[in-house]
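Before any comments, here is the structure.
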Amino acid sequence: MSERYQAAYRRSLDDSEGFWLDAAAAIDWDRAPSRAWDEDKGWFADGLLNTCYNAVDRHVLAGRGSAVAVIHESPVTGTRQEISYDVLLEQVSRTAGMLAGLGVGKGDRVVIYMPMILQTLVAMLACARIGAIHSVVFGGFAAPELAKRIDDAKPKLLLTASCGIEGAKVVPYKPLVDHALELASHSVGHVVLFQRPQAAAAMMEGRDLDWSALLVQASTVPCVPVAATDPLYILYTSGTTGTPKGVVRQNGGHAVALAWSMAHIYGVRAGDVFWAASDVGWVVGHSYIVYGPLIAGCTTLLFEGKPVGTPDAGTFWRTIERNAVDIFFTAPTAIRAIRREDPEASFLAEIGTGRLRAMFLAGERADPDTVQWAEEKLHRPVIDHWWQTELGWPALAACFGLGDNRRRPGSAGFPVPGYRFAVLDENGVEVPLGATGNIVIRQPLPPGCYTSLWNNPATFARSFEAFPGYYETGDAGHVDADGFVNIMGRTDDIINVAGHRLSTGQMEEIVARHPAISECAVVGVDDQLKGMIPMAFAVPKAGVEQRAELCREIIASVRDELGPVAALKHVHVVDALPKTRSGKILRAALRKVANGEPIEMPPTIENPDALSRIRELFVLLDFADKA
1 MSERYQAAYR RSLDDSEGFW LDAAAAIDWD RAPSRAWDED KGWFADGLLN TCYNAVDRHV
61 LAGRGSAVAV IHESPVTGTR QEISYDVLLE QVSRTAGMLA GLGVGKGDRV VIYMPMILQT
121 LVAMLACARI GAIHSVVFGG FAAPELAKRI DDAKPKLLLT ASCGIEGAKV VPYKPLVDHA
181 LELASHSVGH VVLFQRPQAA AAMMEGRDLD WSALLVQAST VPCVPVAATD PLYILYTSGT
241 TGTPKGVVRQ NGGHAVALAW SMAHIYGVRA GDVFWAASDV GWVVGHSYIV YGPLIAGCTT
301 LLFEGKPVGT PDAGTFWRTI ERNAVDIFFT APTAIRAIRR EDPEASFLAE IGTGRLRAMF
361 LAGERADPDT VQWAEEKLHR PVIDHWWQTE LGWPALAACF GLGDNRRRPG SAGFPVPGYR
421 FAVLDENGVE VPLGATGNIV IRQPLPPGCY TSLWNNPATF ARSFEAFPGY YETGDAGHVD
481 ADGFVNIMGR TDDIINVAGH RLSTGQMEEI VARHPAISEC AVVGVDDQLK GMIPMAFAVP
541 KAGVEQRAEL CREIIASVRD ELGPVAALKH VHVVDALPKT RSGKILRAAL RKVANGEPIE
601 MPPTIENPDA LSRIRELFVL LDFADKA
């Protein structure tokens, strides 16, 4: 065990106040906090700062204005662009002026529905500059989901682009935005549209404004100091009821936690090139494409492409080598996709890894086979680590920057300083080493973690009710004899598909609305490429005969409402669902059958024939595949 890690972890528990005040010294404050933790007010409550200043301005003032701040790599458009901190400051301060000129001020919300282009990153920082609260929605999300977020956040403005590019496909965004605004109850003041050359979008007179034209007329504006406890952003994540949860991130704790993590988890310093191959619509993109690397004075890489097909399975390695990436962060799904296309890693052998020091994995459980393949081919440490949208930064990891290089395939590592983990049974009693239970984190959560849900205190409180004194992560797992923490899967209906958290309950609601369906269940089943995928079991109403057509309609309806990220492609029309005598559908049994796991007939089952028939169906499907 690294002595530096051990000392940092112990101090974070024994002297939390001193530990986090020292960490806060890495941030430039308009008014430095006098205390780290206040029981009533939270982290760094009397501090004043500006997150944009810490990500941009201070590096220019320190004489690093000519250093490269952002590299935009877009294999889907065949373009590459570098911008310095000087140029980034000009673009961000002018974009902030554009927003201010449209009446956006401190505390106002701005929804950003955009692709992986420079303007998206600039818009996020511009909101932070003037104290506005941004809510980034993954570009291409279905209109009903965008409408829900608009109604919840009640933004003054919506920023968008004419299109995104998914592989070889141009995806128009404006029709989705227009439809969402028709569905939403809340009316935004304006839609500001950035026209991309790949597709022009029609403007609605009076509501829509041209981004480029506004920017030319805008003045630059300075940073607005905000309280450490003021919101920086709202990021929506799947809720178990189908209602999105707006995770609120505060300015002060967020900046301190990210600065600490860049140095001590990822081991980077100013001038290093950091690449998180994610999307700014997800928490990884917020923390480790936009804010974390720039706060640390790194060069951050913004990538518009896919691990395979843009143009081939060598695009990641080519990007790493060409841009001299020091630390690379991606999802296990991406590595599995590359391995499937290039199992011998011939592209990697040909291209090399440049000055890459380590690769980090997160977003879903990294199966041991994938980790071992990647380490064997990369000849570099491959470090799995674990966190959630709610937490905002890693909670389990090998702290590479503290010299901790312990790794065990299948484990996400050890608790990061500041996090106090426990594994509890249903009664809140700690389980023995090696036993599986509920993964929880003792309160108070460290800086950077969420402190509320937007407009939703009741749902926020529920995460702390089941196990008083602890945050319930919703994941199950165990700690082995050597202290490695293993996260095994969700304890609720949220499943992780290629790093995207999706609610099976929300999908069930959509399937159940089909006029030909009497009842249904959607479960998450294991998938070699994506980690998990949703699978639906639907019972048709009497007299419904066209089962193949019904499956196609169900898949289309889920895609239309949730977008392609939902990835529901497997629908089985069955005569009945297995249930308990109280009427509860035995989803765990369905999941085991679908995964080919052995299962004993549950003692509470009311209709064992239903489960037997579904098990026979999967046996036949498996036999057909092998034939």
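The sequence shown begins at 1 in the UniProt record's numbering and counts up one residue at a time. The beta-carbon is built from N, C-alpha and C at its ideal position, and this holds for glycine as well.
- Counting of Cβ neighbours within 10 angstroms places residue 148 among the buried residues, the total reaching 16 or more.
- In this structure residue 274 touches residue 298 by the C-beta definition: roughly 5 angstroms separates them, less than 8 angstroms.
- Just so you know, the alpha carbons of residue 512 and residue 228 end up roughly 44 angstroms apart.
- Distance check between residue 460 and each of 246, 533, 74 places 246 closest, using alpha-carbon atoms only.
- DSSP places residue 479 within a strand segment (E or B) once states are collapsed to three.
- DSSP, reduced to helix, strand and coil, places residue 467 outside both helices and strands of the structure shown, so it counts as coil.
- Take the alpha-carbon of residue 317 and the one of residue 339: they are about 13 angstroms apart.
- 314 is the residue among 362, 314, 358 whose C-alpha sits nearest the C-alpha of residue 341.
- When rounded, the separation of the alpha-carbon atoms in residue 255 and residue 51 is 7 angstroms.
- Here residue 469 is exposed: its Cβ has fewer than 16 other Cβ atoms, across all protein chains shown, within 10 Å.
- About 13 angstroms separates the beta carbons of residue 464 and residue 424, which is beyond the 8 angstroms limit, so they are not a contact pair.
- Secondary structure at residue 452: coil, using DSSP grouped into helix, strand and coil.
- Cβ contact annotation for residue 196 (same chain, cutoff 6 angstroms, sequence separation greater than five): 161, 162, 163, in chain order.
- One thing to note: residue 106 has its Cβ within 8 angstroms of the Cβ of residue 132.
- Residue 37 and residue 17 have their C-alpha atoms roughly 7 angstroms apart.
- Under DSSP, residue 250 forms a beta bridge with 231.
- Going by DSSP, residue 522 is part of the beta strand (DSSP E) stretching over 517-527.
- It is roughly 13 angstroms from the alpha-carbon of residue 568 to the alpha-carbon of residue 498.
- DSSP places residue 561 in the helix class (H, G or I) of the three-state scheme.
- In this structure the segment 58-72 touches the segment 290-306; the number of beta carbon pairs closer than 8 angstroms is three or more.
- Within a 10 Å sphere around the beta-carbon of residue 462 sit fewer than 16 other beta-carbons, which makes this residue exposed.
- Taking the Cβ atoms as the reference, residue 252 lies roughly 4 angstroms from residue 44, within the contact range of under 8 angstroms.
- Excluding its 5 nearest sequence neighbours in each direction, residue 617 has C-beta neighbours in its own chain below 8 angstroms: 572, 574, listed in chain order.
- Separation of the CB atoms of residue 234 and residue 198 is rounded to 29 angstroms, and the pair is thereby denied contact status at 8 angstroms.
- Counted as a single uninterrupted DSSP element, the beta strand (DSSP E) harbouring residue 172 occupies residues 169-172.
- Note on the segment 302-338: whole alpha helix (DSSP H) runs with a minimum of 4 residues are 315-322, in chain order.
- Taking 4 residues as the minimum length, the alpha helix (DSSP H) runs contained wholly in the segment 106-142 are 118-129, in order along the chain.
- The residue among 192, 223, 226, 200 with its C-alpha nearest the C-alpha of residue 210 is 192.
- Fewer than three Cβ pairs drawn from the segment 394-405 and the segment 506-524 lie within less than 8 angstroms of each other, which leaves the two stretches out of contact.
- For residue 95, the enclosing alpha helix (DSSP H) starts and ends at 85-101.
- Spatial neighbours of residue 361 in its own chain (CB-CB distance under 6 angstroms, excluding positions within 5 residues in sequence) are listed in chain order as 332, 384.
- By the beta-carbon neighbour count (other beta carbons within 10 angstroms, threshold 16), residue 74 is buried.
- Using a Cβ distance threshold of 8 angstroms, residue 446 and residue 259 do not count as a contacting pair.
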